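This report refers to the structure that appears directly beneath it.
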Amino acid sequence: MNSLTASAAIATGRVQLANVRQGALVTARLRALWIMVLFIFATLTACVRIAQLGMFEQTPERTSLAEALLPSRGEITDRNGIALARAFASYSLWYNPKAMGEGGAPLVKTPEEVARALVGIFPDADYADLVARLKAGKPCYLRRRVLPEDANKVFALGEPALEFPREEQRFYPQGSLAAHVLGYVDEAGKGHVGMEQVLEPRLLDPAYRGTPTALSIDARAQGALEDELGRGMMETMAKGAAGVILDADSGEVIALASLPSFNPNRSDLAYNDLVFNRVSNQVYELGSTFKPITIASAIDAGVVTDLAVRYPSVPFQIGKFTIHDSHNFGSSLNVPEALIHSSNVVLAHVADLLGPVALKHTMEQLGMNERPTIELPARGFPLWPRGGSEGGKGDWARLTTMTVSYGHGIAVTPLHLASAYAALVNGGIWRPATLYKVDPAHLAPGRRVFQASTSARMRQLLRMIVVDGTGRKADASGFRVGGKTGSAEKPGANGYRKTSLIATFASAFPMDKPRYVVIVMLDEPQATQQTSGQRTAAWNAAPIVGRLVPRIGPMLGVTPDAHHDVDISDLSPLVGSGEGE
Amino acid sequence: MMVSANRFRSIGWIALLLVCAALVMVMAFRVNALRSQVHRTEQQIVALRKEKLYLETEVETRANQQQLKLWNDVEFGYVAPTASQYLSNERQLAAFAKPDGPDSPEPIRVASADDAIAAEAAFPSVIAGLAADIAAPVSKSDDEEDKPDAKPADAADRAKATANLGARLAMVTPLKKDGKDDKPGKSKAEKNSKAKDGDKKAGLAKAAKTAKDDAAKPGKGAKLAAGKTEAKAGKAPAAKSEKSAKSAKPAPKPAKGGSKSAQ
Numbered sequence: 001m002n003s004l005t006a007s008a009a010i011a012t013g014r015v016q017l018a019n020v021r022q023g024a025l026v027t028a029r030l031r032a033l034w035i036m037v038l039f040i041f042a043t044l045t046a047c048v049r050i051a052q053l054g055m056f057e058q059t060p061e062r063t064s065l066a067e068a069l070l071p072s073r074g075e076i077t078d079r080n081g082i083a084l085a086r087a088f089a090s091y092s093l094w095y096n097p098k099a100m101g102e103g104g105a106p107l108v109k110t111p112e113e114v115a116r117a118l119v120g121i122f123p124d125a126d127y128a129d130l131v132a133r134l135k136a137g138k139p140c141y142l143r144r145r146v147l148p149e150d151a152n153k154v155f156a157l158g159e160p161a162l163e164f165p166r167e168e169q170r171f172y173p174q175g176s177l178a179a180h181v182l183g184y185v186d187e188a189g190k191g192h193v194g195m196e197q198v199l200e201p202r203l204l205d206p207a208y209r210g211t212p213t214a215l216s217i218d219a220r221a222q223g224a225l226e227d228e229l230g231r232g233m234m235e236t237m238a239k240g241a242a243g244v245i246l247d248a249d250s251g252e253v254i255a256l257a258s259l260p261s262f263n264p265n266r267s268d269l270a271y272n273d274l275v276f277n278r279v280s281n282q283v284y285e286l287g288s289t290f291k292p293i294t295i296a297s298a299i300d301a302g303v304v305t306d307l308a309v310r311y312p313s314v315p316f317q318i319g320k321f322t323i324h325d326s327h328n329f330g331s332s333l334n335v336p337e338a339l340i341h342s343s344n345v346v347l348a349h350v351a352d353l354l355g356p357v358a359l360k361h362t363m364e365q366l367g368m369n370e371r372p373t374i375e376l377p378a379r380g381f382p383l384w385p386r387g388g389s390e391g392g393k394g395d396w397a398r399l400t401t402m403t404v405s406y407g408h409g410i411a412v413t414p415l416h417l418a419s420a421y422a423a424l425v426n427g428g429i430w431r432p433a434t435l436y437k438v439d440p441a442h443l444a445p446g447r448r449v450f451q452a453s454t455s456a457r458m459r460q461l462l463r464m465i466v467v468d469g470t471g472r473k474a475d476a477s478g479f480r481v482g483g484k485t486g487s488a489e490k491p492g493a494n495g496y497r498k499t500s501l502i503a504t505f506a507s508a509f510p511m512d513k514p515r516y517v518v519i520v521m522l523d524e525p526q527a528t529q530q531t532s533g534q535r536t537a538a539w540n541a542a543p544i545v546g547r548l549v550p551r552i553g554p555m556l557g558v559t560p561d562a563h564h565d566v567d568i569s570d571l572s573p574l575v576g577s578g579e580g581e
Numbered sequence: 001m002m003v004s005a006n007r008f009r010s011i012g013w014i015a016l017l018l019v020c021a022a023l024v025m026v027m028a029f030r031v032n033a034l035r036s037q038v039h040r041t042e043q044q045i046v047a048l049r050k051e052k053l054y055l056e057t058e059v060e061t062r063a064n065q066q067q068l069k070l071w072n073d074v075e076f077g078y079v080a081p082t083a084s085q086y087l088s089n090e091r092q093l094a095a096f097a098k099p100d101g102p103d104s105p106e107p108i109r110v111a112s113a114d115d116a117i118a119a120e121a122a123f124p125s126v127i128a129g130l131a132a133d134i135a136a137p138v139s140k141s142d143d144e145e146d147k148p149d150a151k152p153a154d155a156a157d158r159a160k161a162t163a164n165l166g167a168r169l170a171m172v173t174p175l176k177k178d179g180k181d182d183k184p185g186k187s188k189a190e191k192n193s194k195a196k197d198g199d200k201k202a203g204l205a206k207a208a209k210t211a212k213d214d215a216a217k218p219g220k221g222a223k224l225a226a227g228k229t230e231a232k233a234g235k236a237p238a239a240k241s242e243k244s245a246k247s248a249k250p251a252p253k254p255a256k257g258g259s260k261s262a263q
């Protein structure tokens with residue numbers, strides 16, 4: 001029994017020992033396996049981390065840098081990269097009544113004293129308004145966009161309640177330059193009037209706002225245009241002035257000015273009558289500047305084949321109206337003479353021969369029956385003459401055709417005229433005007449309005465008007481300017497007003513190979529000493545072009561050359577002497 | 001024994017693991033340190049760019065078109081240049097050199113550079129060589145002693161002018177492509193450097209060749225002239241060595257640079 005139990009005990013002890021050994025072995029293997037797994041895991045982690053550090057870690061940093069430099073609103077530049085509008089952290093003047101703690105007076109001095117000192121720093125500030133705001137004790141902006149030196153002066157007042165937070169605002173380094181093209185951004189950050197409104201989605205898009213948007217404007221030409229227009233406006237005491245410089249081939253607007261202008265930097269004051277754009281929004285009867293278009297249409301249609309043919313130039317009656325000229329030019333004139341002296345009568349005869357269908361077609365082809373094609377939101381609809389039949393959509397009446405031929409009875413914007421003149425001189429292709437910089441390789445297709453030969457003839461005729469006719473004061477030496485004056489009476493309550501004129505000079509240069517079209521318009525110029533007591537375009541609008549072209553020509557790549565000109569020798573013998581409008 | 005070995009091994013593994021972890025940590029720290037440094041630098045860049053934009057805008061604002069116009073009206077009074085101030089082509093420019101009429105006085109030259117040397121240096125090897133060739137027999141042994149002195153000075157002038165011309169026109173077109181055949185004008189120093197270079201690699205050749213050619217061109221004419229005199233007077237070899245050394249004056253500099261780069 002004992003031995004049996006003992007043997008059993010030994011047997012179980014052995015078995016147990018064997019089990020323990022096996023168990024220990026399994027545990028050891030398991031541990032080794034765990035350690036191996038851990039080791040592999042650690043190695044893998046290390047490798048992954050190294051790989052991650054090496055490859056992926058830097059990208060978020062880079063985007064943060066790009067983001068930090070991304071403006072809140074994209075920059076707008078001119079065609080040469082000069083900044084016209086940019087997001088800029090400028091100082092504001094903020095009134096914080098709680099700066100000196102709760103209770104007690106918010107200001108060290110009296111509100112009146114502080115307001116007086118502020119008016120001393122900002123002369124245009126309203127004293128009563130400032131006092132009211134300072135007394136009200138509510139936090140508010142006293143002024144937005146404060147110059148650093150003015151901020152220093154305000155700081156020197158020693159008022160802790162006047163703070164200068166730097167805020168991203170829209171800033172126009174060139175001041176009021178091209179204000180009507182750019183428009184302005186209001187306090188809520190919304191663009192108005194010009195390209196600020198048109199480009200808003202792009203300017204705010206994070207994908208695009210990092211890169212500046214180039215306009216077709218040339219800041220130097222724009223500056224010169226505004227300067228010369230301003231001078232002309234001042235000399236003639238005109239109500240307003242408008243000017244546009246257009247690339248004759250591409251339709252790019254190189255400069256566009258409407259005076260008086262506004263300062264987009266003062267967006268609080270910007271919304272007033274001055275934001276009205278005279279170039280693209282206001283329609284005018286542009287008068288005699290339409291005459292070359294009529295003649296081109298007649299040459300193109302084969303109505304005028306011989307420029308020596310003479311037409312009667314004595315006033316004639318049609319219906320209730322009498323068509324007459326500003327002066328008496330004798331009994332008859334040929335076409336070059338009619339253009340040089342600006343004869344309404346001859347043009348009426350030519351238009352009568354041309355007929356309403358052809359003239360209307362030309363005007364439609366030149367886009368005179370629709371809003372001007374440009375990106376600006378403010379585009380005026382022309383006063384397009386109604387046809388005599390088919391509910392106004394049919395052909396023009398005979399009288400309408402005649403008045404349209406010399407630019408009356410039809411009112412368009414100066415921009416319409418600029419595009420039409422570009423087609424007139426560039427070989428006959430009409431292209432829409434654009435404010436975007438155009439790659440010369442990707443010009444808008446445009447449409448042919450005149451034959452190339454007609455355009456060549458018109459270049460001669462326009463040059464003759466400047467050499468011998470009413471545009472003499474625009475003849476900048478060496479620049480081969482060609483153009484046509486137009487002085488249209490403004491319509492009033494009782495017909496046309498004799499003393500309220502729209503004086504326009506529509507021109508292009510250099511006439512041997514036109515590059516730029518320049519339109520200058522004065523609204524109600526007065527007869528002054530500077531204009532020799534005259535109020536017609538020959539005396540006020542043409543001299544503006546004469547001064548402007550030498551300033552902008554070399555900058556725009558047109559070198560003056562006094563030995564070079566368009567050949568007008570075949571037309572010169574046709575012209576007698578005389579004075580025109 | 002088995003157990004201790006096993007334990008030893010596992011301790012080893014753990015130690016290795018710890019070392020790896022420590023290394024990873026050290027690296028992570030270093031990476032983080034570097035990253036924060038980069039971040040700080042980026043912040044600095046952002047701040048500086050903003051400052052730059054601010055200053056740029058200020059300058060643009062102060063010098064905007066209207067402001068410039070005001071300054072011009074008050075201070076400068078600049079006007080656009082007139083048509084007469086432009087020249088459209090070289091013919092118009094050349095027309096200024098034409099005398100106004102027959103028997104008109106020479107135009108007054110305010111300042112002038114002696115361009116005779118430069119003009120000569122432009123066509124040195126052939127013309128100068130021929131000229132010397134023709135001149136040599138005419139001027140016989142009367143002035144033999146003067147000539148060696150005069151000629152090298154002349155040659156040195158030309159060599160200098162050639163070197164200067166290269167600098168002035170920013171390009172020297174070697175008339176001879178192969179530098180090997182320019183034996184006559186080669187100086188000893190040059191030969192030595194050549195010998196040192198031995199293999200004469202392309203990289204060296206380009207730099208040295210122009211200098212060599214420049215030196216060789218005037219040298220050739222002088223040598224030809226000297227060759228003639230040598231036949232008549234025994235003094236010539238001394239003159240020759242002196243001459244060639246002088247003629248090669250501009251050469252050592254580039255040659256030296258060339259050999260350096262080759263080494």
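Taken in order, these protein sequences are the chains called P and Z. 1 is the number of the first residue of the first sequence in the UniProt record's numbering; add one for each residue after it. 1 is the number of the first residue of the second sequence in the UniProt record's numbering; add one for each residue after it. Glycine included, each C-beta is placed from N, C-alpha and C at the ideal position. These figures come from a predicted structure and were not determined experimentally.
Neighbour list for Arg49(Z) in chain P, Cβ cutoff strictly below 9 Å: Chain order gives the chain P residues near Arg49(Z) as Ala68, Leu69, where near means a beta carbon separation below 9 Å.
Cα-Cα separation between Leu30(P) and Arg21(P), rounded to whole angstroms: So the alpha carbons of these two residues sit roughly 14 Å apart.
Same chain, Cβ closer than 6 Å to Val146(P), neighbours up to 5 away in sequence not counted: Counting only Cβ-Cβ distances below 6 Å, and skipping sequence neighbours, we find Tyr91, Leu93.
Residues near Ala296(P) in its chain [Cβ-Cβ closer than 7 Å; skip 5 each side]: Within the same chain, Ala296(P) has close Cβ partners Leu424, Phe450, Thr454, Met458.
Distance, Ala28(P) Cα to Gln16(P) Cα: Approximately 18 Å, taken between the alpha carbons.
Three or more C-beta pairs below 8 Å linking the segment 479-493 of chain P and the segment 556-571 of chain P: Taking a cut-off of 8 Å for Cβ pairs, the segment 479-493 of chain P and the segment 556-571 of chain P touch, as three or more such pairs fall below it.
Nearest-angstrom beta carbon gap, Ser280(P) and Pro372(P) [assumed within contact, 8 Å]: At roughly 6 Å, the Cβ-Cβ gap stays under 8 Å, so Pro372(P) and Ser280(P) are in contact.
Same chain, Cβ closer than 8 Å to Lys206(Z), five either side skipped, listed in chain order: With a pLDDT of 44 at Lys206(Z), under the threshold of 50, the modelled position of that residue is not reliable, and no figure is offered here.
Coarse secondary structure for Ser72(P), derived from DSSP in three states: Ser72(P): coil per DSSP, three-state reduction.
Given 8 Å, three or more beta-carbon pairs between the segment 523-530 of chain P and the segment 201-221 of chain P: With contact defined as three or more Cβ pairs closer than 8 Å, the segment 523-530 of chain P and the segment 201-221 of chain P are not in contact.
Ala33(Z) classed as buried or exposed, judged by whether at least 16 other C-beta atoms fall within 10 angstroms: So Ala33(Z) counts as exposed.
Buried/exposed call for Ala132(P), threshold 16 Cβ in 10 Å: In this structure Ala132(P) is exposed. Its beta-carbon is surrounded by fewer than 16 other beta-carbon atoms within 10 angstroms.
Reduced DSSP secondary structure (H/G/I, E/B, other) of Gln534(P): Reduced to three states, the DSSP call for Gln534(P) is coil.
Same chain, Cβ closer than 7 Å to Arg463(P), neighbours up to 5 away in sequence not counted: Here the set comprises Arg480, Gly482, Met511, Val566, Ile568.
Contact set for Gly234(Z): own chain, Cβ-Cβ below 8 Å, skip 5 residues either direction: In this predicted model, Gly234(Z) has a pLDDT of only 41, less than 50, meaning its place in the structure is not dependable; the value taken from the coordinates is given anyway. In the same chain as Gly234(Z), and ignoring 5 residues on each side of it, no C-beta atom comes closer than 8 Å to its own.
Local conformation of Tyr86(Z) per DSSP, three classes: If DSSP states are grouped into helix, strand and coil, Tyr86(Z) belongs with coil.
Outcome for Tyr496(P) when other beta-carbon atoms lying within 10 angstroms are tallied against a minimum of 16: Exposed.
Proximity test, Cβ basis, 7 Å: Trp71(Z) and chain P: No - not a single Cβ of chain P is within 7 Å of the one on Trp71(Z).
Where Val46(Z) meets chain P, residues with beta-carbon distance less than 7 Å: Leu65, Ala68, Leu69, listed in chain order.
Closest residue to Thr504(P) among Pro173(P), Lys490(P), Asn494(P), Arg515(P) (Cα-Cα distance): Closest by alpha carbon: Lys490(P).
Within 7 Å, strictly: CB atoms of Glu168(P) and Val185(P): No, Cβ-Cβ distance for Glu168(P) and Val185(P) is not below 7 Å.
Residues that Asp227(P) contacts on chain Z, provided the C-beta gap is smaller than 7 Å: The answer, in chain order, is Lys69.
Val253(P) and Ser216(P) closer than 7 Å at C-beta: In this structure, Val253(P) sits near Ser216(P), with a CB-CB distance shorter than 7 Å.
Element boundaries [alpha helix (DSSP H), containing Glu364(P)]: It spans 356-365 - the alpha helix (DSSP H) in which Glu364(P) sits, taken as one unbroken run.
Range covered by the alpha helix (DSSP H) that runs through Val334(P): It is worth fixing the name first, because residue 334(P) is Asn in this sequence and not Val. Premise fails: Asn334(P) lies in the beta strand (DSSP E), 332-334, not in any alpha helix (DSSP H).
Start-to-end residues for the beta strand (DSSP E) that takes in Ile568(P): Counting along the chain, Ile568(P) falls outside any beta strand (DSSP E), and DSSP gives it neither H nor E.
N-terminal and C-terminal residue of the alpha helix (DSSP H) that Pro201(P) is part of: Counting along the chain, Pro201(P) sits inside the alpha helix (DSSP H) bounded by residues 200-204.
Beta carbon of Thr413(P) nearer than 7 Å to that of Val303(P): Contact: no.
Whether Gly287(P) touches Gly407(P) by CB criterion (7 Å): Yes.
Separation of Pro139(P) from Gln67(Z), as counted between CA atoms: Cα to Cα, Gln67(Z) sits roughly 36 Å from Pro139(P).
Touch test, the segment 76-89 of chain P against the segment 163-179 of chain P, Cβ-Cβ under 8 Å, three pairs minimum: Contact between the segment 76-89 of chain P and the segment 163-179 of chain P is present, because at least three Cβ pairs lie under 8 Å.
Residues bridged to Arg310(P) [DSSP beta-bridge criterion]: For Arg310(P), DSSP records a beta bridge to Asn334(P).
Extent of the continuous beta strand (DSSP E) run through Ser92(P): 83-95 is the extent of the beta strand (DSSP E) around Ser92(P).
Proximity winner among Pro514(P), Arg472(P), Thr531(P), relative to Ala452(P) (alpha-carbon distances): Checking every option, the nearest Cα to that of Ala452(P) belongs to Pro514(P).
Any C-beta of chain A under 7 Å from that of Tyr78(Z): Here the protein chains are P and Z, and chain A is not one of them.
Endpoints, the beta strand (DSSP E) within which Lys484(P) is located: That run of the beta strand (DSSP E) goes 482-492.
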